[in-house]
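Chemist: First, the structure itself, so that you have it in front of you.
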Amino acid sequence: MVVDLDLSDSESTFTSTTRIEFTCREPGASTSADFRPALAHRVTLNGKPVDLEGAAADLAGGRIPLVQLREHNVLEATGTMAYSRDGQGLHRAVDPADGEAYIYGHLFLDAAPTVFACFDQPDLKAPYRITVQAPPAWTVLGNGAATRHDGGRWDLAETEPLATYFVTICAGPYVSVRAEHDGIPLGIHARRSLEDPLVEQADDILDVTRACLDYYQGLFGIRYPFGEYHQVFVPEFNAGAMENPGCVTFRDSMVFRGAASEDQILQRANTIAHEMAHMWFGDLVTMTWWDDLWLNESFAEYMAYRALVSSTRFTDAWVEFSMSRKLWGYAAERTPSTHPVAGSPAPDAQSALQNFDGISYAKGASVLRQLIA
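Under our numbering, the sequence shown has 936 at position 79, and the numbering climbs by one with no breaks.
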């Protein structure tokens, strides 16, 4: 996958150009790609333009019809895409403290087609080469190591094969604290108005990061596989965090503005450990479809507490799990929407959202802890 994003022209939209090379097991067959632009400019399949007027109904539903496929195919799509204001897709936020704009990608669960054309399902992975045109004063981060060129042009190194839902870029006047551990470049980043607390808390964040990296690599016998490891604290974030390989995003309330309680510090450490566990459970190895999301979340929930107890100063973290997280699982179990830990039905991506709950996280982690004890 080759993706080019131009973020420099508008406060409401950006331009996206995608090139996808893919194979078809049955030449002559038909399929569709996922693409949800505000305005489609040009789409070609194997060098021939796709009739956008004829495909208007499909495009309105977020699909590009692809017919008469060859064994080897090239799809190219260019469109004007809309920044989101709901935390999904490519979100643009303005910091009220200084008026600076910040952009970040949150493509979970099915928002990738609002940023680039793709085949949007978790089992279809591809390496990504992403280029970004941004205002010259901005910093750009993503799943691959970013290289700045003159005029605000950034090239991101080609990634390992990734599922669409954890591809990301972050762009804006972010401030950074950078380090290195065991040959892995580390970075923590936040908006400029949070520079002082970010710097003050950097050692604590990086200490947990280093300890968990060592623990997971030793336990799994597999080195962290995604090059650099950045943690970006972003504004107006819906989730607690998102496990984008090499560029994890967190809600920036985790950069504490004032004195933090020990429980708040533990929760931040747990979130760091949880998202890092996903580098192996979810990112390196990904479920085929959302009905097995417990393979992501139950394991990451369990591994985070295990890593904290084994490798950090939070040696009583399992107590917090029993007092709060396990109760979350019990509460979910008592509702009419209860479901099995494994194999919960998910006929489409949106219905899978209902299963991101205390059962898939806390009950699954509790079962794993009992099995492993």
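No residue lacks a Cβ here, since even glycine has one placed at the ideal position from N, Cα and C.
Using the Cα positions of Ala950 and Leu862, report the straight-line distance between them to the nearest angstrom.
Modeler: 18 angstroms
Chemist: Counting C-beta neighbours from all protein chains within 10 Å, is the total for Asp1214 16 or more, i.e. buried, or is it exposed?
Modeler: buried
Chemist: Return the CA-CA distance between Ile824 and His948, expressed in angstroms with no decimal places.
Modeler: Given a span of 858 to 1230 for the chain in the structure shown, any question on residue 824 remains unanswerable.
Chemist: I'd like the span of the alpha helix (DSSP H) that includes Asn1153, first residue to last.
Modeler: From DSSP, the alpha helix (DSSP H) with Asn1153 extends over Trp1151 to Ser1168.
Chemist: Leaving out the 5 sequence neighbours to the left and right, which residues in its chain are closer than 6 angstroms to Ala1157 when beta-carbon positions are compared?
Modeler: His1131, Ala1134, His1135 and Phe1138
Chemist: Taking only the alpha-carbon atoms, compute the straight-line gap between Asp1120 and Gly1200 and give it to the nearest angstrom.
Modeler: 33 angstroms
Chemist: Looking only at C-alpha atoms, which of Arg1114, Ala934 and His929 sits nearest to Glu883?
Modeler: His929
Chemist: Please state whether DSSP places Lys982 in a helix, a strand or coil.
Modeler: Note: Lys982 maps to coil in three-state DSSP.
Chemist: Please classify Asn930: does DSSP put it in a helix, a strand, or coil?
Modeler: In the three-state DSSP reduction, Asn930 falls in the strand class (E or B).
Chemist: Who pairs with Val1089 in a beta bridge, going by DSSP?
Modeler: His1046 and Thr1106
Chemist: What runs of the beta strand (DSSP E), each 3 residues or longer, lie entirely inside the segment 935 to 985?
Modeler: 946 to 951 and 958 to 963
Chemist: Identify which residue in Leu916, Leu966 and Thr971 has its Cα closest to the Cα of Ala939.
Modeler: Cα-wise, what sits closest to Ala939 is Thr971.
Chemist: Please tell me whether Gly946 and Ala968 are closer than 8 angstroms, where the distance is taken between their beta carbons.
Modeler: With respect to Ala968, Gly946 sits close: the two C-beta atoms are nearer than 8 angstroms.
Chemist: Which ranges would you report for the alpha helix (DSSP H) in the segment 1046 to 1085 if only whole runs of at least 4 residues count?
Modeler: 1052 to 1077
Chemist: Cutting at 6 angstroms between CB atoms, please list the residues of its own chain near Asn1095, excluding the five before and the five after it.
Modeler: Same-chain partners within the cutoff: Gly944.
Chemist: Take Thr1025 and list the residues in its own chain whose beta-carbon comes closer than 8 angstroms to its own, dropping the five residues that flank it on each side.
Modeler: Tyr961, Gly962, His963, Leu964, Gly999, Asn1000, Met1099, Asn1101, Cys1104 and Thr1106
Chemist: Excluding five sequence neighbours on each side, which residues of the same chain lie with their C-beta closer than 6 angstroms to the C-beta of Arg899?
Modeler: Taking Arg899 as the centre and dropping the five residues before and after it, the same chain places the C-beta of Thr935 closer than 6 angstroms to its C-beta, in chain order.
Chemist: Measuring only the C-alpha atoms, how far is His1006 from Glu1057?
Modeler: His1006 and Glu1057 have their C-alpha atoms roughly 31 angstroms apart.
Chemist: Please classify Gly1221: does DSSP put it in a helix, a strand, or coil?
Modeler: helix
Chemist: Using a Cβ-Cβ cut-off of 6 angstroms (strictly less than) and excluding sequence neighbours within five positions of Thr1145, which residues of its own chain qualify?
Modeler: Asp980
Chemist: Could you please give me the residues that DSSP links to Ala1036 through a beta bridge?
Modeler: Leu1043
Chemist: State yes or no: is the C-beta of Glu1190 within less than 8 angstroms of the C-beta of Ile1216?
Modeler: yes
Chemist: In chain order, what residues of the same chain have a beta carbon less than 6 angstroms from the beta carbon of Phe973, not counting five sequence neighbours either side?
Modeler: Val860, Ser873 and Thr875
Chemist: Any idea which residues DSSP pairs Arg920 with across the strands?
Modeler: Asp891
Chemist: Where does Phe1113 sit, in a helix, a strand or coil, going by DSSP?
Modeler: coil
Chemist: Determine the burial state of Tyr1072: buried for a count of at least 16 other Cβ atoms within 10 Å of its Cβ, exposed for fewer.
Modeler: buried
Chemist: State the start and end residues of the unbroken alpha helix (DSSP H) segment that holds Glu1190.
Modeler: DSSP places Glu1190 in the uninterrupted alpha helix (DSSP H) bounded by Lys1183 to Glu1190.
Chemist: State buried or exposed for Tyr1187, treating a residue as buried only when at least 16 other CB atoms are found within 10 Å of its CB.
Modeler: exposed
Chemist: Quick check on this structure: which residue in Pro1030, Ile1079 and Asp1140 has the alpha carbon closest to the alpha carbon of Glu1317?
Modeler: A question about residue 1317 goes unanswered here, because the residues of the chain that appear run from 858 up to 1230.
Chemist: Which stretch, first to last residue, makes up the beta strand (DSSP E) that contains Trp1011?
Modeler: Arg1010 to Leu1013
Chemist: Could you confirm whether any beta carbon from chain C is found closer than 8 angstroms to the beta carbon of Val1105?
Modeler: Included in the structure is just one protein chain, with no chain C present.
Chemist: One question on the structure: do Tyr1086 and Leu1043 come within less than 8 angstroms of each other, judged by their Cβ atoms?
Modeler: yes
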